[in-house]
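Beneath this line is the structure, given in structure tokens, with notes to follow.
Residue numbers (our numbering), protein chains in the order written: chain A, 18 to 565; chain B, 52 to 300.
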């Protein structure tokens, strides 16, 4: 297919991604300069369709952005009332860890709100639109427009392509959206952010980013079991000491329970399955008792950045900048990133206004302002906690966390993330295969029935958006050494080994891309990063409903 | 020619509907809503007729809460010229919808009404027929092909034993089958233009139409799919089970 002539539209500012950071940036820009022409695009079919989080929101950034949010129907109605933290030594026992607020202030959730981040983003989008921001869900930024080393905007993808890349009957060519500055708010492991990091060497001199995958279920439980504002976290079983992860369980809204499990993607055992670990942890009595008798109404998964301070890349380049989890502003010990994402979007907005005034191509002022901000302070304070888990294992790192928190991270050292997550896998032959229980369809479920709950939609005959850079590597590395870990880490069953017993051709990898729920784990964890995640047709992917 | 295309806002067809725990209805809070796919087909057909210079004006109408504006904007992004939203918080059944549409047909005097044969939420398949009866107009239902000429509409209907071709005298109510066409994607510039097209909002209570619901929803239940399945080892075993266990042959 040759070059197609693309229509162009010009804006002052273009924002790629309709999550908390992108929407906060849009709102702040309009508050500062109402005349700015701002366009925000979102690959999900509507705002919130691809948003996944626990979520407990610390309202600091929101208080600053929309001080009267409590009077504006913001969907944050459940404040945290009681919290508990459990260490699970095995599948039956649990040890309640007291949260001493004076020692670990980051673990204290008083004053925070439980909600659905998708609903929260829908609300933020309505605020942004009321200010005149042009919000376009269903349009995926598929490529960068770079001219004379400057980012001029993005291309929103073609619609109506056939499987082989040819133009179908309803084909609409993508367009060029151009702007003076483009803000990339794609969330963790954004596909354009990844290109930007490569093109502008943004990761030079910083630690590799390390990630986690969060797998979530939404439950509706009987009124008799519901306790609004109760939150609990667990760590330990079913993971071994050197694997980082744990569960969350929040009672909120109308008899809703948000339950989920985060697994550090620096795990070594290629037999591990984040999905099955999440299913298995539900059978522990401290979790089971909350969910039994309820019904599961939602399922979702998404990767998140865990590298923190050490892994923050250079944030600006000519024509634009990175905000939110695309940059990696999640605070891991706090298990929160919404407030830092929002704050980074707001700082970006303020910096962009200054850069516009002095016509600075590279809005470097943003990098400077972030360094001086509370976002940086809070990430610096907790910088050693996540790497301590990789270094010492869960038990010792838990003790270390207590010590480190007592001095508010003022130890004179900084631990580093030495390897990228994909380099951590050990050969399958050296690792134990966990024995995952079969789903009972009441408390525990299969991948298939889970993906069904994501309301997923990819038009069947569009090109596959997950590609192997070198297909030959799959057999020699993924299959022979690691026994196809993608069939286990993918929470949606996208990857499948077929023809396992075909002696002529040997096994093959089948990519069921229409199942993809856009979590980005494959792009991160594939042993040689041979899998490349690109945006499918705009509006494709999961349609997470209210409450998720 | 002038055409009215009524459109309904329904739970998006990709969403697996969730029955509320008290069985009173389907959960729509926070759920993605879209234009009824049958109505989308009707909008597309109207736009194609306008592109062929047969239709000169397309008016889209929706009834419901203020959020229904979004599907009217989508229809206008596809090519409709203007929208009318009749706002109400109450559920309106087919008969009421037909009465409201009749009001606008009498006011706007279109040459024909083009609408989905049914809505994908309740599958009633009644509004078009009731509207035609109320107006005393000809009706062509389930159409998969439409040819317009001066004062006439030639339609191909999808019926049980094949296709039926009818010629109707306009004005008429035409209801569309999904086979009629493939609705277009709304392009970004067209979405931007649609945001500036006229959209009139009227409260249902201001129309002075007497509406009473004659239907009552008793309860809504989830489809149970917990049927057990087994694999039989031969055709004979299957026949035996069908004969002696299921007793269906």
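Every residue, glycine too, gets a C-beta built ideally from N, C-alpha and C. Fair warning: this is a prediction, and the values are worked out from it, not measured in the lab.
When the options are compared against residue i, the one with the closest alpha-carbon
| i | options | result |
| --- | --- | --- |
| residue 138(A) | 152(A), 129(A) and 126(A) | 152(A) |
| residue 170(A) | 147(A), 150(A), 201(A) and 142(A) | 201(A) |
| residue 478(A) | 263(A), 188(A), 24(A) and 83(A) | 188(A) |
| residue 174(B) | 129(B), 89(B) and 183(B) | 89(B) |
| residue 143(B) | 102(B), 178(B), 201(B) and 53(B) | 178(B) |
| residue 191(A) | 25(A), 126(A), 454(A) and 45(A) | 25(A) |
| residue 29(A) | 150(A), 72(A) and 258(A) | 150(A) |
| residue 40(A) | 414(A), 362(A) and 241(A) | 362(A) |
| residue 186(B) | 273(B), 157(B) and 83(B) | 157(B) |
| residue 548(A) | 502(A), 560(A) and 419(A) | 502(A) |
| residue 269(B) | 67(B), 77(B), 58(B) and 52(B) | 77(B) |
| residue 67(A) | 494(A), 507(A) and 203(A) | 203(A) |
| residue 226(A) | 469(A), 461(A), 441(A) and 559(A) | 441(A) |
| residue 22(A) | 193(A), 157(A) and 336(A) | 193(A) |
| residue 52(A) | 148(A), 307(A), 508(A) and 125(A) | 148(A) |
| residue 566(A) | 336(A), 480(A), 379(A) and 419(A) | The structure shown has nothing for residue 566(A), since chain A only spans 18 to 565. |
Amino acids of chain A, ordered along the chain, whose beta-carbon sits closer than 7 Å to that of residue i
| i | result |
| --- | --- |
| residue 235(B) | 187 |
| residue 72(B) | 237 |
Contact with chain D by residue i, beta-carbon distance below 8 Å
| i | result |
| --- | --- |
| residue 343(A) | The structure shown contains no chain D; its protein chains are A and B. |
Chain B residues whose Cβ lies nearer than 8 Å to that of residue i
| i | result |
| --- | --- |
| residue 470(A) | 67 |
| residue 532(A) | Neighbours of residue 532(A) on chain B: none; closest Cβ ~13 Å, over 8 Å. |
Coarse secondary structure for residue i, derived from DSSP in three states
| i | result |
| --- | --- |
| residue 61(B) | strand |
| residue 19(A) | Low per-residue confidence applies at residue 19(A): pLDDT is 46, beneath 50, and the placement is therefore not dependable enough to give any value. |
| residue 320(A) | strand |
| residue 158(B) | helix |
| residue 501(A) | coil |
| residue 148(B) | helix |
| residue 33(A) | strand |
| residue 267(A) | strand |
| residue 551(A) | coil |
| residue 170(B) | coil |
| residue 25(A) | strand |
| residue 315(A) | strand |
| residue 86(A) | helix |
| residue 250(A) | strand |
| residue 369(A) | helix |
| residue 335(A) | coil |
| residue 350(A) | coil |
| residue 231(A) | strand |
| residue 53(A) | coil |
| residue 140(A) | helix |
| residue 240(A) | helix |
Neighbour list for residue i in chain B, Cβ cutoff strictly below 9 Å
| i | result |
| --- | --- |
| residue 560(A) | 63, 65, 66, 82 and 83 |
| residue 26(A) | 239, 240 and 243 |
| residue 270(A) | Result: empty, since nearest Cβ-Cβ is about 10 Å, beyond 9 Å. |
Neighbour list for residue i in chain B, Cβ cutoff strictly below 7 Å
| i | result |
| --- | --- |
| residue 30(A) | Within chain B, no residue comes near residue 30(A); the closest Cβ sits about 16 Å away, beyond 7 Å. |
| residue 363(A) | Those do not exist, as residue 363(A) stays about 26 Å from chain B at its closest Cβ, beyond 7 Å. |
| residue 63(A) | 83 |
| residue 156(A) | 239 |
| residue 153(A) | 239 and 242 |
| residue 563(A) | 80, 81 and 82 |
Check: Between the stretch 93-106 of chain A and the stretch 246-257 of chain A, do at least 3 Cβ pairs fall closer than 8 Å?
Finding: Put simply, the stretch 93-106 of chain A touches the stretch 246-257 of chain A. At least three CB pairs are less than 8 Å apart.
Checklist line | Touching by the beta-carbon criterion (3+ pairs, under 8 Å), the stretch 177-188 of chain A and the stretch 130-148 of chain A | finding: The answer is no - the stretch 130-148 of chain A does not touch the stretch 177-188 of chain A, with fewer than three Cβ pairs under 8 Å.
Check: Is the stretch 128-140 of chain B touching the stretch 109-118 of chain B, taking contact as three or more C-beta pairs under 8 Å?
Finding: Segments in contact, yes.
Check: Quick one: any contact between the stretch 303-316 of chain A and the stretch 262-277 of chain A, if contact means 3 or more CB pairs under 8 Å?
Finding: The stretch 303-316 of chain A, when compared against the stretch 262-277 of chain A, does touch it at the 8 Å Cβ threshold.
Next item on the list: Please confirm if the stretch 188-198 of chain B is in contact with the stretch 230-237 of chain B, defined as three or more CB-CB distances below 8 Å between the two stretches.
Entry: With a cut-off of 8 Å on Cβ pairs, the stretch 188-198 of chain B is in contact with the stretch 230-237 of chain B, counting three or more such pairs.
Margin query: Contact between the stretch 369-386 of chain A and the stretch 66-82 of chain A is defined here as three or more beta-carbon pairs at a separation below 8 Å; is this criterion met?
Written below: At 8 Å Cβ cutoff, the stretches do not touch.
Notebook entry, point to check: Using Cβ-Cβ distances below 9 Å, what residues of the stretch 170-183 of chain A are close to chain B?
Noted result: If the cut-off is 9 Å between Cβ atoms, the stretch 170-183 of chain A has 173, 176 and 177 near chain B.
Checklist line | Residues, ordered as in the chain, of the stretch 225-256 of chain B that lie near chain A by beta-carbon distance below 9 Å | finding: Those would be 233, 234, 235, 236, 237, 238, 239, 240, 242, 243 and 246, in chain order.
Item checked: Under 7 Å (Cβ pairs) to chain A, residues found in the stretch 174-202 of chain B -> Within the stretch 174-202 of chain B, contact with chain A at the beta-carbon level (separation under 7 Å) is assigned to no residue.
Check: Below 8 Å, can you find three or more Cβ-Cβ pairs linking the stretch 364-376 of chain A to the stretch 411-429 of chain A?
Finding: Result no; under three Cβ-Cβ pairs closer than 8 Å.
Margin query: Give me the subset of the stretch 130-150 of chain A whose CB atoms are less than 7 Å from a CB atom of chain B, sorted by chain position.
Written below: Correct list: 136.
Check: Quick one: any contact between the stretch 435-453 of chain A and the stretch 286-300 of chain A, if contact means 3 or more CB pairs under 8 Å?
Finding: In this structure the stretch 435-453 of chain A touches the stretch 286-300 of chain A; the number of beta carbon pairs closer than 8 Å is three or more.
Notebook entry, point to check: Of the residues that make up the stretch 307-341 of chain A, which ones have a beta carbon closer than 8 Å to any beta carbon in chain B?
Noted result: Within the stretch 307-341 of chain A, contact with chain B at the beta-carbon level (separation under 8 Å) is assigned to 312 and 314.
Check: When the Cβ atoms of the stretch 530-539 of chain A are set against those of the stretch 550-560 of chain A, are three or more pairs found closer than 8 Å?
Finding: Result yes; three or more Cβ-Cβ pairs closer than 8 Å.
Next item on the list: Evaluate the contact criterion for the stretch 342-353 of chain A versus the stretch 319-330 of chain A: three or more CB pairs, one atom per stretch, below 8 Å.
Entry: Yes, the stretch 342-353 of chain A is in contact with the stretch 319-330 of chain A.
Notebook entry, point to check: Using a beta-carbon distance cut-off of less than 8 Å, what residues from the stretch 424-458 of chain A approach chain B?
Noted result: Within the stretch 424-458 of chain A, no residue qualifies.
Notebook entry, point to check: With a cut-off of 8 Å, do at least 3 Cβ pairs link the stretch 279-295 of chain B to the stretch 153-170 of chain B?
Noted result: Fewer than three pairs of CB atoms, one per stretch, sit closer than 8 Å, so the stretch 279-295 of chain B makes no contact with the stretch 153-170 of chain B.
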